[in-house]
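Asker: Numbering (our numbering), first residue to last: 36 to 149. My questions will all concern the structure given below.
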C-alpha cells in the first residue's frame, strides 16, 4: 500500500451515518508542514540509532552506560535552554507547570504508567 492509494482511500471514506462519501482536502501545506517533517524525523532518529549501535558494537572502548548518561545530560541541558527561551516556557514560568490541570489529566498518565 503506497501513499497514493492511502490518499485515495481517505478521499473515498464512507461515513457511518449514511452512504455519502466524505471528501478530505489534503493540501500541499498539510504534506510539507505535517507529513514530511514527521517522516524526516523518523528517518533521522532511526539513522542515529543505527549509527550509535554500530559505533558501540564495533569496539573502540566506549562504555554503553556512560554513553547513555551523556545523552541524558545533553537532553536535560537542551530542554532547559528551550524552556528558558520559548514562549511556552515563559508561560509555564508565569502560571506554573500544573496550570489548567484537572483530575482527568491524570488518567492517561496513570494508565500508561501502570
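In this text, a Cβ means the ideal position worked out from N, Cα and C, and glycines have one as well. None of these values were measured; they are calculated from a predicted model.
Please state whether DSSP places residue 97 in a helix, a strand or coil.
Answerer: coil
Asker: What three-state label does DSSP hand residue 137 in the structure shown?
Answerer: coil
Asker: Just how far apart, CA to CA, sit residue 125 and residue 87?
Answerer: 34 Å
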